[in-house]
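In what follows, a structure is listed as structure tokens, so that the remarks can point back to it.
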Amino acid sequence: MQLVLTDADLSKLKPATRADLLAKLFPVRETASSQNPKGYIWDDVVDMTPSQIENFMAGCADITIAGLKVFAEHGPEIHASLLAEASIENYANFQGSITKRTRTITGDKNSFLFTWDDWNSEANGGVGHYAVTDATYRSLRIYFQLD
Numbered sequence: 001m002q003l004v005l006t007d008a009d010l011s012k013l014k015p016a017t018r019a020d021l022l023a024k025l026f027p028v029r030e031t032a033s034s035q036n037p038k039g040y041i042w043d044d045v046v047d048m049t050p051s052q053i054e055n056f057m058a059g060c061a062d063i064t065i066a067g068l069k070v071f072a073e074h075g076p077e078i079h080a081s082l083l084a085e086a087s088i089e090n091y092a093n094f095q096g097s098i099t100k101r102t103r104t105i106t107g108d109k110n111s112f113l114f115t116w117d118d119w120n121s122e123a124n125g126g127v128g129h130y131a132v133t134d135a136t137y138r139s140l141r142i143y144f145q146l147d
């Protein structure tokens with residue numbers, strides 16, 4: 001089967017659909033771990049496509065969406081204190097709601113949307129960093145129309 005799409009056809013697609021289509025047609029051959037911020041454990045942290053991010057956001061509270069916009073604007077790695085821009089002060093609640101939604105979207109009961117460093121280290125002083133994969137970061141930027 002042959003499918004022909006013109007530039008005009010592509011421009012009519014939602015940004016997330018266009019990104020998914022292009023990712024399928026032109027996959028990145030690099031390993032995800034080589035693109036992700038260093039210094040984190042990436043086990044069970046998922047790459048979200050633009051369409052998965054759209055589905056993810058459809059089931060989120062406004063404050064959660066605002067928190068994820070912070071990742072899109074400042075990521076893929078952020079200091080947790082930046083979440084104050086989204087009026088998020090309870091990191092555990094934010095992290096829990098994100099994790100629950102991630103597992104709903106992926107169907108993987110062990111998946112996480114982001115990873116974090118050692119918040120109890122002397123350098124962090126009780127508030128550390130979160131990081132999403134490079135692929136998820138790009139999908140978030142597409143969702144918030146930052147690219």
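The opening residue of the sequence shown carries number 1 in the UniProt record's numbering; numbering runs sequentially from there.
Glycine included, C-beta positions come from ideal geometry on N, C-alpha and C.
Computed from a predicted model, the values in this text were never measured in an experiment.
Asked: For a test of the three-state rule: what should DSSP assign to Tyr143, helix, strand or coil?; Found: helix
Asked: On the three-state DSSP scale, how would you describe Ala19?; Found: helix
Asked: Rounded to whole angstroms, what is the Cα-Cα separation between Gly128 and Gln95?; Found: 13 Å
Asked: Which first and last residues belong to the alpha helix (DSSP H) in which Glu54 is found?; Found: Pro50 to Ala58
Asked: Answer yes or no: do Thr133 and Val70 have a C-beta to C-beta separation smaller than 9 Å?; Found: no
Asked: Evaluate Ala8 with the Cβ neighbour count: other Cβ atoms within 10 Å of its Cβ, from every protein chain shown; 16 or more gives buried, anything less gives exposed.; Found: exposed
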